[in-house]
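Protein chains: 2
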Amino acid sequence: MAEPALTRSVEDYLKAIFRLSHQGGFATTRDIAGLLALAAPSVSGMVKRLSEMGLIEHVPYRGVQLTSQGRRAALKMIRRHRVLELYLTRHLGYDWDNVHSEAERLEHAVSDDLIERMAAALGDPRYDPHGDPIPTATGDIEETELVSVADAEVGAELELRQVGTQDPARLRYFAEQGLVPGVRVSVTDRQPFNGPTTVYLNASGTARIVGRELGQLLWCHLAVAAAERG
Amino acid sequence: MAEPALTRSVEDYLKAIFRLSHQGGFATTRDIAGLLALAAPSVSGMVKRLSEMGLIEHVPYRGVQLTSQGRRAALKMIRRHRVLELYLTRHLGYDWDNVHSEAERLEHAVSDDLIERMAAALGDPRYDPHGDPIPTATGDIEETELVSVADAEVGAELELRQVGTQDPARLRYFAEQGLVPGVRVSVTDRQPFNGPTTVYLNASGTARIVGRELGQLLWCHLAVAAAERG
DNA sequence: TGATCATATTAGTCTAGTCTAATGTCGATT
DNA sequence: AATCGACATTAGACTAGACTAATATGATCA
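Sequences listed follow chains A and B, in order.
The opening residue of the first sequence carries number 4 in the numbering used here; numbering runs sequentially from there.
The opening residue of the second sequence carries number 4 in the numbering used here; numbering runs sequentially from there.
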């Protein structure tokens with residue numbers, strides 16, 4: 004039961020795969036590569052290693068899924084990240100929009116002990132500064148309900164989790180627009196009378212205008228509701 | 004002035020070389036290898052890279068010295084380490100004998116910004132929990148002239164400043180004995196032929212007998228020399 | 001002076017992780 | 001059913017950093 008120490012790279016891959024595998028689906032090589040900003044063959048290579056380690060299941064040319072061991076490791080990283088973000092904002096004066104990169108580096112270096120001390124100092128919190136649920140130390144995470152881009156409040160921060168169509172033309176279009184699972188967007192505007200929604204892609208710093216029909220296909224996790232923002 | 008990002012390994016080598024080259028001497032391949040628990044040829048290889056990077060000067064078969072750039076980088080790591088140790092003990096309930104390994108990992112992952120926030124939260128401290136001076140953000144470090152308990156004159160008044168080991172067993176023992184940084188002691192006796200030293204703890208009014216090996220780890224600031232006493 | 005021995009260095013191998021270029025696979029379109 | 005294009009994989013090279021085995025250096029002592 005002694006979990007072997009994972010490298011930083013491995014931890015990052017597991018987190019990415021977790022984010023990309025919306026309920027029972029496969030995370031593809033291409034999407035993992037996109038999320039981690041790596042070349043596709045690098046991902047193929049790592050996928051081989053991860054599946055030999057028993058952290059993922061790989062179906063060639065289809066994609067990968069986390070095993071229970073991989074999922075446990077991914078949730079542990081997510082707990083670390085979110086506890087760190089909350090600690091840094093509450094105790095060290097970070098803002099919710101600049102904690103991410105600090106936590107991203109620290110999550111690979113902290114011990115379980117330190118994370119539990121931080122969590123205790125925070126009163127065993129359930130949500131991070133972005134409103135995302137914090138997995139428990141035992142690896143349980145609150146299931147969050149999804150909202151479509153077409154219905155999300157203006158001002159909300161969303162993380163795209165699931166695309167509700169199999170139509171290749173639409174899927175291709177979403178991919179071209181950078182609207183792929185894992186991406187974080189802010190809802191900046193919506194035209195009245197069921198009009199289009201404008202979202203801002205946090206990573207690329209660009210905006211997209213999404214009509215109602217397509218917006219209803221983009222199911223997102225609500226990271227921060229409009230009302231909660233400072 | 005944009006310092007390139009250094010790898011964890013490089014940072015560890017620089018710290019080790021700093022520790023081994025007090026007062027202008029050379030740090031040898033063997034000693035670096037010993038301190039970092041690496042094989043000597045690994046050190047030879049890294050020495051070559053470090054000197055190409057301009058971080059050290061290498062005199063073949065003699066050893067290495069830090070350049071000013073290398074020294075600056077080393078002091079930055081030492082500042083990080085000591086601020087982290089102090090923060091973890093003051094704010095997260097760590098003991099002075101178990102912070103070391105946590106700080107050792109974190110020091111490579113924290114940003115300058117985070118360290119300065121921690122330092123500010125601590126009131127810009129000058130000493131870490133072991134009594135070691137913390138370099139300033141600009142890279143200055145207090146030069147202290149220290150004497151070990153094993154070598155101090157009988158009759159001297161000392162203030163314990165640094166404990167020259169990271170070994171948890173020894174650190175714990177010292178803590179049990181009340182021999183922790185900041186404590187003031189008087190040297191009341193020493194047995195001949197490198198025998199043990201007897202010190203009197205001014206605060207608790209008790210005596211301790213310290214063998215030569217451990218006494219050489221207890222570095223003290225000389226408060227009052229024997230000759231100066233009334 | 002020269003032999004000996006500790007230490008340093010070179011030579012060569014290994015692993016993890018990255019990359020580019022070349023090749024396979026598979027589903028969609030004709 | 002054939003083809004085309006997107007995606008995945010393999011092949012092969014590179015880097016940092018470690019290792020072991022072999023060799024070089026230089027200090028010490030007879």
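Even for Gly, the Cβ is constructed at its ideal location relative to N, Cα and C.
Within 10 Å of its beta-carbon, does D116(B) have 16 or more other beta-carbons around it, so buried, or fewer, so exposed?
By the 10 Å Cβ count, D116(B) comes out exposed.
Cβ distance (whole Å) where Y16(B) is taken to contact I35(B) below 8 Å:
7 Å
Alpha carbon of V213(A) to alpha carbon of E88(A), nearest angstrom
C-alpha of V213(A) to C-alpha of E88(A): approximately 31 Å in a straight line.
Count Cβ pairs between the stretch 74-81 of chain A and the stretch 136-143 of chain A that sit closer than 8 Å; are there 3 or more?
yes
Considering only residues of the same chain and omitting the five flanking positions on each side of T191(A), which have a CB-CB separation below 6 Å?
T201, Y203
Select from the stretch 117-138 of chain B all residues with a C-beta closer than 9 Å to any C-beta belonging to chain A, and list them in chain order.
Cβ contacts with chain A come from L117, R120, M121, A123, A124.
Give me, in chain order, the residues of the same chain whose beta-carbon lies closer than 7 Å to that of L182(B); leave out the 5 immediate sequence neighbours on both sides.
L163, R211, L221
Tell me the DSSP bridge mates of Y203(B)?
Looking at the DSSP assignment, Y203(B) forms a beta bridge with S189(B), A210(B).
Residue from N205(A), R215(A), A178(A) with nearest C-alpha to F196(A)
Of the candidates N205(A), R215(A), A178(A), R215(A) places its Cα closest to the Cα of F196(A).
Exposed or buried, G48(A), counting other C-beta atoms within 10 Å across all chains shown (16 or more means buried)?
Exposed, because fewer than 16 other Cβ atoms sit within 10 Å of the Cβ of G48(A).
Beta-carbon separation of L225(B) and V150(B) under 8 Å?
For L225(B) and V150(B), yes; Cβs fall inside 8 Å.
For the stretch 98-112 of chain A, which residues have a CB atom closer than 7 Å to at least one CB atom of chain B, in sequence order?
E105, R108, L109, H111, A112
Whole-Å CB distance - V86(A) paired with A122(A), under 8 Å assumed
5 Å
Considering G37(B), what are the terminal residues of the alpha helix (DSSP H) in which it resides?
32-39
Whole alpha helix (DSSP H) elements within the stretch 110-184 of chain B, 4-residue minimum:
Listed in chain order, they are 115-124, 171-179.
I need the straight-line Cα distance from S24(A) to L69(A), nearest angstrom please.
8 Å
Close Cβ partners of F29(B) (< 8 Å) along its chain, the five nearest in sequence each way excluded:
V62, R65, G66, V67, Q68
Entirely within the stretch 78-108 of chain A and at least 3 residues each: give me those beta strand (DSSP E) ranges in chain order.
none
To which residues does DSSP link I59(A) through a beta bridge?
L69(A)
Identified DSSP bridge partners for V227(A)
Per DSSP, E160(A).
Cβ-based neighbour list, P132(A), same chain, cut-off 7 Å, excluding 5 preceding and 5 following:
Around P132(A): E88, L89, T92, W99, V102.
Counting only the same chain and skipping the five closest in sequence on each side, list residues whose C-beta sits under 7 Å from that of T31(A).
G66
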